[in-house]
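*Asks:* Mind looking over this structure? Questions follow.
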Amino acid sequence: MQTTNVHPSVKAMRTTLLGIVISIVLVFVKLAAGYFGHSYALVADASETASDVLSSGLLWIGLRIAMKPADKEHPYGHGKAEPLAAVLISLFLLGAAIWIGWHAITFIRTPHQLPQRFTLAILGAVIFIKEAMFRYVLKVGQEINSQAVKSDAYHHRSDAITSMAAFVGILVAILLGKGYEAADDWAALIASGIIGYNAIALLRPALNEVMDAAPGAEIVEKVRVLASGLPDVEQVEKCYVRKMGFEYFVDIHIQVQGSLSVKEGHDIAHAVKNTLLQSELHIKDVLVHIEPA
-18 MQTTNVHPSV KAMRTTLLGI VISIVLVFVK LAAGYFGHSY ALVADASETA SDVLSSGLLW
42 IGLRIAMKPA DKEHPYGHGK AEPLAAVLIS LFLLGAAIWI GWHAITFIRT PHQLPQRFTL
102 AILGAVIFIK EAMFRYVLKV GQEINSQAVK SDAYHHRSDA ITSMAAFVGI LVAILLGKGY
162 EAADDWAALI ASGIIGYNAI ALLRPALNEV MDAAPGAEIV EKVRVLASGL PDVEQVEKCY
222 VRKMGFEYFV DIHIQVQGSL SVKEGHDIAH AVKNTLLQSE LHIKDVLVHI EPA
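The numbering used here numbers the first residue of the sequence shown as -18 and each following residue consecutively.
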């Protein structure tokens, strides 16, 4: 089925469910490999993957709510549930970074056995799967313009990073032997810093969307160009755009000849509204204010 035939929220939910299933399988694989392979970093990595499951579950719930149509109490719809989910996912990611860092420090101070060689093969497969999931989910998030789905993608990337750190650390421990048992824990500590940085970077745009920040100069300019290009529109005085879930709401002030009748001004306003709604900008509704030039 083509992307254009699938509603963005449906595509997002399908992608999220796929990520949940894969992450659940990887949690048990990592736990077993970490326990039998004597790798504390791999056990911590399993916990990070478990947080992926929780955050993806939050995203799925947020998307379900965002799909609900507008009602009397929510005349603009329920689209804000999507960026709220993105905020929660970013906070989960930040929490995972703190948890991994704290446990890495604890494990560094705790003597333990050298990791087993087979854990490298497990981690290699995990890194490949999680990086592939990151690229796929990010692609979907960009296609449907969803900050929440993009945040979920970076949860998969953070999992790949921690797995890569564990891989490098275990490899160092195996190659250098006694005295380097905690190499994978040091690698996990470094990875926690990278994950924390990504979490903060994802949190800001999600909060901006919740606070109705302008979505960017590019889409505002496109709206202005479309409106100003219509006959009888003298000038676009003001143009405000805000994102609500997967779609945009536009408030626009246009100037027309002051000698026009009320009906003529009304017709121009409808022409502007219809043009914007029929564009490829995913605009849900438009409020047009007419002013004399």
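Where is the CB? At the ideal position from N, CA and C, for every residue including glycine.
Would you identify the three-state DSSP class for residue 218, choosing helix, strand or coil?
*Replies:* In the sequence shown, the residue the question calls residue 218 occupies position 237. Three-state result, residue 218: strand.
*Asks:* Can you tell me whether residue 262 is helix, strand or coil according to DSSP?
*Replies:* Counting from one through the sequence shown, the residue named residue 262 turns up at place 281. The answer is coil: DSSP assigns residue 262 none of H, G, I, E or B.
*Asks:* If you draw a straight line from the C-alpha of residue 174 to the C-alpha of residue 4, how long is it?
*Replies:* As a working note, residue 174 is residue 193 in the sequence shown. As a working note, residue 4 is residue 23 in the sequence shown. Straight-line Cα distance between these residues: approximately 22 Å.
*Asks:* When DSSP labels each residue in this structure, what does residue 123 get in the three-state scheme?
*Replies:* For the purposes of this step, residue 123 is identified with residue 142 of the sequence shown, where counting begins at 1. Note: residue 123 maps to helix in three-state DSSP.
*Asks:* Alpha helix (DSSP H) containing residue 88: first to last residue?
*Replies:* Within the sequence shown, residue 88 is the residue found at index 107, counting from 1. Start and end: 62 to 89.
*Asks:* For residue 130 and residue 30, which I take to be in contact (beta-carbon distance under 8 Å), what is that distance rounded to the nearest angstrom?
*Replies:* To locate residue 130, count along the sequence shown from 1; it is residue 149. To locate residue 30, count along the sequence shown from 1; it is residue 49. At roughly 18 Å, the Cβ-Cβ gap does not stay under 8 Å, so residue 130 and residue 30 are not in contact.
*Asks:* Please name the residue or residues paired with residue 224 in a DSSP beta bridge.
*Replies:* Here residue 224 refers to the residue found at position 243 of the sequence shown. DSSP output for residue 224 lists 229 as bridge partner(s).
*Asks:* Can you tell me which of the three DSSP states residue 199 falls into?
*Replies:* Here residue 199 corresponds to residue number 218 of the sequence shown, with the count starting at 1. Note: residue 199 maps to helix in three-state DSSP.
*Asks:* Tell me the residue span of the alpha helix (DSSP H) that contains residue 213.
*Replies:* As a working note, residue 213 is residue 232 in the sequence shown. Per DSSP, residue 213 belongs to no alpha helix (DSSP H) and is neither H nor E.
*Asks:* To which residues does DSSP link residue 234 through a beta bridge?
*Replies:* The count along the sequence shown starts at 1 and reaches residue 234 at position 253. DSSP, once it has assigned bridges, lists 219 and 270 as partnering residue 234.
*Asks:* Within 8 Å, do at least three Cβ pairs link the stretch 116 to 126 to the stretch 45 to 58?
*Replies:* No, because fewer than three Cβ pairs between the stretch 45 to 58 and the stretch 116 to 126 fall closer than 8 Å, the two stretches do not touch.
*Asks:* Could you spell out where the alpha helix (DSSP H) holding residue 186 opens and where it closes?
*Replies:* One-based indexing of the sequence shown puts residue 186 at position 205. Residues 164 to 191.
*Asks:* Residue 95 to residue 162, Cα distance in whole Å?
*Replies:* Taking the sequence shown and counting its residues from 1, the one referred to as residue 95 is at position 114. Taking the sequence shown and counting its residues from 1, the one referred to as residue 162 is at position 181. Rounded to the nearest angstrom, the two C-alpha atoms are 5 Å apart.
*Asks:* Go to residue 38, then tell me how far its alpha helix (DSSP H) extends in each direction, as first and last residue.
*Replies:* For the purposes of this step, residue 38 is identified with residue 57 of the sequence shown, where counting begins at 1. Segment 21 to 47, the alpha helix (DSSP H) holding residue 38.
*Asks:* Does the beta-carbon of residue 255 have 16 or more other beta-carbons within 10 angstroms, so that it is buried, or is it exposed?
*Replies:* As a working note, residue 255 is residue 274 in the sequence shown. Answer is exposed; the Cβ neighbour count stays below 16.
*Asks:* Rounded to whole angstroms, how far is the Cβ of residue 183 from the Cβ of residue 74, which I believe are closer than 8 Å?
*Replies:* The residue given as residue 183 occupies position 202 in the sequence shown. The residue given as residue 74 occupies position 93 in the sequence shown. The Cβ separation is near 7 Å, so the contact holds.
*Asks:* Specify the secondary structure class of residue -1 as computed by DSSP and reduced to three states.
*Replies:* In the sequence shown, counting from the first residue as 1, residue -1 sits at position 18. In the structure shown, residue -1 sits in a helix (DSSP, three-state: H, G or I).
*Asks:* Does the Cβ of residue 64 have 16 or more other Cβ atoms within 10 Å, making it buried, or fewer, making it exposed?
*Replies:* For the purposes of this step, residue 64 is taken as residue 83 along the sequence shown, with counting starting at 1. When all chains shown are included, residue 64 counts as buried.
*Asks:* Cα separation between residue -1 and residue 55?
*Replies:* Numbered from 1 along the sequence shown, position 18 holds the residue referred to as residue -1. Numbered from 1 along the sequence shown, position 74 holds the residue referred to as residue 55. Distance between the alpha carbons of residue -1 and residue 55: 30 Å.
*Asks:* Applying the 10 Å Cβ sphere with the 16-neighbour rule, what's the burial state of residue 113?
*Replies:* Position 132 of the sequence shown, counted from the start, is the residue given in the question as residue 113. Exposed, by the Cβ-count rule.
*Asks:* Helix, strand or coil: which one does DSSP assign to residue 128?
*Replies:* To locate residue 128, count along the sequence shown from 1; it is residue 147. In this structure, residue 128 counts as helix in the three-state DSSP scheme.
*Asks:* Classify residue 246 as helix, strand or coil using the three-state DSSP reduction.
*Replies:* Position 265 of the sequence shown holds residue 246. Reduced to three states, the DSSP call for residue 246 is helix.
*Asks:* Here's a check: name, in chain order, each residue in its chain whose Cβ is nearer than 6 Å to the Cβ of residue 14, leaving out the five neighbours to either side.
*Replies:* As a first step, residue 14 is located in the sequence shown; it is residue number 33 there, counting from the start. Only 23, 100 and 103 meet the Cβ criterion.
*Asks:* Does the Cβ-Cβ distance between residue 216 and residue 274 come in under 8 Å?
*Replies:* Counted from its first residue, the sequence shown places residue 216 at position 235. Counted from its first residue, the sequence shown places residue 274 at position 293. Yes. Within cutoff.
*Asks:* Could you pull out every residue in the same chain whose Cβ sits closer than 7 Å to the Cβ of residue 39, ignoring the five residues on either side in sequence?
*Replies:* Counting from one through the sequence shown, the residue named residue 39 turns up at place 58. The answer, listed in chain order, is 66, 69 and 70.
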